[in-house]
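J.: Under my numbering, the first residue of the sequence shown is numbered 21, with each subsequent residue one higher. In this text, a Cβ means the ideal position worked out from N, Cα and C, and glycines have one as well.
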Amino acid sequence: MLKYITRRILFLLPILIGVSFIVFTLLYLTPGDPARMVLGDQATEEAVREFRDKEGLNDPFLVQYGRYVYKAVQGDIGRSYMTRLPVAREIMNAFPYTVKLALFSMLIAIVLGIPFGIISAIKQYSLFDSVMMIFAMVGLSMPVFWLGILLILFFSVHLRWLPSSGFNTIAAMILPSVTLAAQSIAIVTRMTRSSMLEVVRQDYIRTVRAKGQKESVVIWRHALGNALIPVVTVVGLQFGNLLGGAVLTESIFSIPGVGRLMVDAIKMRDYPLVQGGVLFIAVAFSLVNLLVDLLYAWLDPRIKAQYR
């Protein structure tokens, strides 16, 4: 298992290099002059030229990228053009908000998605099953920004039950968490239902039923554990997606997380902050995937045997 963990961590290096190269290339090719964005339209040509020389923006592409990688290996991912603060500090200040949003959203997805999926599988083709599958389809299809706007209009503007911005109180957490969790609820529900249906049709479940066990014992004691193994993988991947997919939600609800920080950085052509944010999300997503693989191996002895 230790060899597997080491191998997976080493495998992160080419992934991170690839991500950094793609992002760096896209930003390099993006129209617009970051010097003009930072200094303003009234800046003199001399000031713009001095800024570009200071930040190395006049150097060839490979020189700029090589310098960025060299500094990143040393733990320096640059300074923000706008605030002049280290990018790492900016991201770490915003990261707790993003983690909190992702955790609350994932908790909602688990609490609702798994029970809905189990009941839908037990009551296959029933009215409840049909309604859940319709809701799951709607949840997968509805854009996050559209759902967020609808929730704000209904619960904040018309009913005035919940605040439309911020993330410092329980009430303020509800709308953004539900908005971000909608697609995850649908995915977890569908996966739980599919996995449960597959398990209850296996021979060992028929054997348990033939022994006269109650249906509740069959489902909760014998079927549920095996049915949840693939669900764990989906939940882990969804958590990684939530970390990186909170951009629109944070922007709609004015949450000062990493997503909103990156949106503001893109608007202002703050290249170091954009690159650092994407790299940080890539690292977080890769580590979450590693933890999911380890948890999957712990739950399924067949997978654990492959790692030995």
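If you reduce the DSSP assignment to three classes, tell me which class Pro80 lands in.
T.: Looking at Pro80 - three-state DSSP - the assignment turns out to be coil, as it is neither helix nor strand.
J.: Check whether the Cβ of Ser274 sits closer than 7 Å to any heavy atom of the ligand MG, and report yes or no.
T.: No copy of the ligand MG occurs in the structure displayed, which carries no ligand at all.
J.: Drop a sphere of 10 angstroms on the beta-carbon of Phe174, count the other beta-carbons inside from all chains shown, and report buried for 16 or more, exposed for fewer.
T.: That one is exposed.
J.: Starting from Pro106, follow its DSSP beta bridges and name the residues at the other end.
T.: Beta-bridge pairing links Pro106 to Arg99.
J.: Are Gln295 and Leu127 close, meaning C-beta to C-beta below 8 Å?
T.: In this structure, Leu127 does not lie closer than 8 Å to Gln295 by Cβ.
J.: Which one of Ala141, Tyr291 and Leu123 has the shortest CA to CA distance from Met102?
T.: Considering only alpha carbons, the answer is Tyr291.
J.: Taking DSSP as the reference, what is the three-state secondary structure of Arg180?
T.: Coil at Arg180, not helix or strand.
J.: Does the stretch 31–49 come close enough to the stretch 78–86 to have 3 or more Cβ pairs within less than 8 Å?
T.: Counting Cβ pairs under 8 Å, three or more are found: they touch.
J.: First and last residue of the alpha helix (DSSP H) that includes Arg72?
T.: Looking at the DSSP string, the run of the alpha helix (DSSP H) that includes Arg72 is Glu65 to Glu75.
J.: Quick one: what does DSSP say Met152 is sitting in, helix, strand or coil?
T.: Reduced to three states, the DSSP call for Met152 is helix.
J.: Buried or exposed, going by whether 16 or more other CB atoms sit within 10 Å of the CB of Tyr117?
T.: Answer is buried; the Cβ neighbour count reaches 16.
J.: Taking all protein chains shown into account, do 16 or more other C-beta atoms lie within 10 angstroms of the C-beta of His242, making it buried, or fewer, making it exposed?
T.: Buried is the call here.
J.: Would you report the Cα separation of Val107 and Val238, rounded to the nearest angstrom?
T.: Distance between the alpha carbons of Val107 and Val238 is about 53 Å.
J.: Please confirm whether Ala114 and Val278 have their CB atoms less than 8 Å apart.
T.: In contact: Ala114 and Val278 (Cβ atoms closer than 8 Å).
J.: Do you know whose CA, among Gly60, Thr64 and Asn309, lies nearest Phe10's CA?
T.: A query on residue 10 cannot be resolved here, the shown segment of the chain reaching from 21 to 328 and no further.
J.: Thinking just about the alpha-carbon of each residue, which of Ile205, Arg109, Ile134 and Ile172 is nearest to the one in Phe155?
T.: It is Ile205.
J.: Could you say which of Leu105, Val251 and Ser100 lies nearest to Val312 if we only look at CA atoms?
T.: Checked all of Leu105, Val251 and Ser100; the closest Cα to Val312 is Val251.
J.: Would you mind working out which of Val283, Ile272 and Leu59 sits nearest Leu167, comparing C-alpha positions?
T.: For Leu167, the nearest C-alpha among the options comes from Ile272.
J.: Could you tell me the distance, in whole angstroms, from the CA atom of Ser306 to the CA atom of Leu121?
T.: Their Cα atoms are separated by approximately 19 Å.
J.: Decide if Arg210 is buried, meaning its Cβ has at least 16 other Cβ atoms within 10 Å, or exposed.
T.: It counts as buried.
J.: Would you call the stretch 216–224 and the stretch 125–142 in contact, with 3 or more CB pairs under 8 Å?
T.: They touch, by the three-pair rule.
J.: Can you tell which of Lys287, Glu235, Gly265 and Tyr316 has its C-alpha closest to the C-alpha of Leu123?
T.: Here the closest residue by C-alpha is Gly265.
J.: Going by the beta-carbon positions, is the gap between Leu200 and Leu262 smaller than 8 Å?
T.: It is a contact, given that the beta carbons lie within the stated cut-off.
J.: Please look up how many angstroms separate the CB atoms of Leu281 and Gly260, rounded, as I've assumed it's under 8 Å.
T.: Not a contact, Cβ separation roughly 18 Å.
J.: Go ahead and pull the three-state DSSP assignment for Ile275.
T.: Reduced to three states, the DSSP call for Ile275 is coil.
J.: Between the Cα of Met162 and the Cα atoms of Asp61, Val198, Val131 and Ala192, which residue gives the shortest distance?
T.: It is Val198 whose Cα lies nearest to the Cα of Met162.
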